[in-house]
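Worksheet for the structure shown next.
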Amino acid sequence: LLETRLAKEGRLNVNTSFHPTQIGIEPFLEKCDQLRAAGIEPSIVYVMYPEQMDDFEKIYMPRFREKGYRVHIRAFRGLYHGRKYPGALSREQWNKTAKYMDEANLKYQLCEVNGLGRLSMLGVTHILVDNEGKIEMCDSYVGDRRYGNLFDDRLALDLEPKPFPGLVPLAAVDDIADYIELDFKDLEGNNVNSYIEQGGVTFGENGGIIYPYEHVDFNDKQLRKELTVVPKPYVPAWKFWLNPRWFCYHFVYSFLIKKYGKYIVAWFKGKFRLLRQGKLKKENFWHS
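If you want it as structure tokens, here you go:
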């Protein structure tokens, strides 16, 4: 890959994700160093899984700092021991996650800000294309907008920002960066590095890495509120709820059936499979 024309022309960007259960920190850093030596500065994504928070602070973050790699911290989202995260984070866990975050992820990803009614460039300058050429607004939410197909020239992108129609918090960096209220520039080069840099994760004059909230006392409730406040949506939620078409399509079909229905079906299938295998236990009932 590093010998391709794409790489040699400086047009190749690589996002890496460190998973301690899959690879050790040193082999992972060696691979990152190979990319850097080839002129490709990788982004490093780390999800703050509850069990690994202490190891991140004591073992992994010091090594990333020594090597001069900025880390994009993401809150763990999902079920863990029957509790839904990040809402189930303890105060201490929340603080540990927040201290290494950038501005946008702190406000929107960790705090799970609902995207409903917020003006967004999704569908204007940012689209998602699948392997068959079908175009959707983003990977956080499918919605009901029809943008056409890339392969048969049926393109019908939005011409101006529109209120986001989904009852979900946007999670991907490209999606969050498209909020008009955030006032981010278009992500350039490595999208993750561009995102965290605009969110305050930068290099200091001495070459050290600055995390804007690393020394913030998040136990100060007033300060915490000030740092996580976001503008009100451009269109209030009640206007959506009074729209019969939005209620039927976006709430019943997209939100309840497509988003959560498939998870519920998959969960029951998994438990039934474990039950048939005689492996269903209390320990893996919620998490298997």
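Every position in the sequence shown, counted from 1, becomes a number in the working numbering once 50 is added. Cβ coordinates follow ideal geometry from the N, Cα and C atoms, glycine included.
Residue range of the beta strand (DSSP E) that includes K81 | K81 -> not in any beta strand (DSSP E); alpha helix (DSSP H) instead, spanning 75–87.
Okay, do the segment 89–105 and the segment 59–69 touch, 3+ Cβ pairs below 8 Å being the bar?
-> When C-beta atoms of the segment 89–105 are compared with those of the segment 59–69, three or more pairs fall below 8 Å, so the two segments count as touching.
Give me the Cα-Cα distance between M171 and Q84, rounded to the nearest whole angstrom.
-> For the pair M171 and Q84, the Cα-to-Cα distance works out to about 35 Å.
Which residues bound the beta strand (DSSP E) around S140?
-> Looking at the DSSP string, S140 is not in any beta strand (DSSP E), and its letter there is neither H nor E.
Contacting residues, own chain, Cβ-Cβ under 8 Å from E238 (five flanking each side not counted) | Take E238, set aside five residues on each side of it, and the residues of its chain with a beta-carbon closer than 8 Å to its own are S244, in chain order.
Where the beta strand (DSSP E) through G128 begins and ends | Its beta strand (DSSP E) spans residues 128–130.
Same chain, Cβ closer than 8 Å to I44, neighbours up to 5 away in sequence not counted | This structure cannot settle anything about residue 44, because the visible part of the chain is limited to 51 through 338.
Nearest to N34 by alpha carbon, out of Y119, F201, F301, S190?
-> Coverage of the chain is limited to positions 51 through 338, which leaves residue 34 absent and any answer about it impossible.
Where D267 falls, given that 16 or more other Cβ within 10 Å makes a residue buried | Within 10 angstroms of the beta-carbon of D267 lie fewer than 16 other beta-carbons, which makes it exposed.
Pick helix, strand or coil for F214, following the three-state DSSP scheme.
-> Annotated three-state conformation of F214 is coil, per DSSP.
Per DSSP, which one or two residues make a beta bridge with R204?
-> Under DSSP, R204 shares a beta bridge with N199.
Can you round the beta-carbon distance between P262 and G250 to whole angstroms, since I take them to be within the 8 Å contact cut?
-> Right, the Cβ-Cβ distance comes to about 4 Å (below 8 Å), so this counts as a contact.
Could one say the Cβ of L56 lies closer than 8 Å to chain C's Cβ atoms, at least one of them?
-> Although the question refers to chain C, the structure presented lacks it and comprises just one protein chain.
Close-in-space but distant-in-sequence residues of the same chain around F290 (CB under 6 Å, 5 per side omitted) = Excluding positions up to five away in sequence, the list reads W296.
Buried/exposed call for S304, threshold 16 Cβ in 10 Å | S304 comes out buried.
Run of the alpha helix (DSSP H) containing I226, from where it starts to where it stops = I226: member of the alpha helix (DSSP H) spanning 223–227, first to last residue.
Reduced DSSP category for E101 - H, G, I as helix; E, B as strand; rest coil = In the structure shown, E101 sits in a helix (DSSP, three-state: H, G or I).
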